[in-house]
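Working notes, structure below.
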Amino acid sequence: MTDQKPNEQASQIDSPAAPAVENLTRSLSWAETIRSGLLAGLGVQSSSNRERDFQQGSVMRFVAVGVGLTAAFVLSLLFLVKALVN
Numbered sequence: 436m437t438d439q440k441p442n443e444q445a446s447q448i449d450s451p452a453a454p455a456v457e458n459l460t461r462s463l464s465w466a467e468t469i470r471s472g473l474l475a476g477l478g479v480q481s482s483s484n485r486e487r488d489f490q491q492g493s494v495m496r497f498v499a500v501g502v503g504l505t506a507a508f509v510l511s512l513l514f515l516v517k518a519l520v521n
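Heads up, the sequence shown is in the numbering used here, so the first residue is 436 and it goes up one at a time.
Given below as C-alpha cells:
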C-alpha cells in the first residue's frame, strides 16, 4: 500500500495532466497539420508541438502535407528564376 492520504490521492487525480488525456483522442485538423509542417520545415517547431504531432497526427496526412509543401517550394523557386531571367 502507499503512505499517501486520501486528499493527496485526490489531488493527483485532478492534476493538470487529466485534460491532456482528452486531447489524445482528438486528431489534428488539416490547418494544424499544415501549420506544423511549415514550422517544422523552417526549423522553429517547438518540442511540445512536435510531441503533440507524433501523438495525435496521422502519418498519411503529414506525408501529403510534406509532399504538397515541397512541391509548392520547388514551383515557387522555378517561378522566381523564370521571372528573374526574363
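Here a beta-carbon is modelled for each residue, glycine too, at the ideal position from N, C-alpha and C. Bear in mind the structure is a predicted one, so any value in this text is a computation, not a measurement.
Residue i vs residue j beta-carbon contact at 8 angstroms
i, j, result
"S471", "N484", "yes"
"G476", "L504", "yes"
Cβ neighbours of residue i in the same chain (closer than 7 angstroms, five flanking residues each side left out)
i, result
"T468", "G492, R496, F497 and V500"
"A453", "Bear in mind that the predicted position of A453 carries a pLDDT of just 49, short of 50, making it unreliable; the figure below should be weighed with that in mind. Hits under 7 angstroms: none found."
"Q480", "S471 and L474"
Cβ shell of residue i (< 6 angstroms), same chain only, five flanking positions each side left out
i, result
"K397", "Nothing can be reported for residue 397: it is not among the residues displayed for the chain, which extend from 436 to 521."
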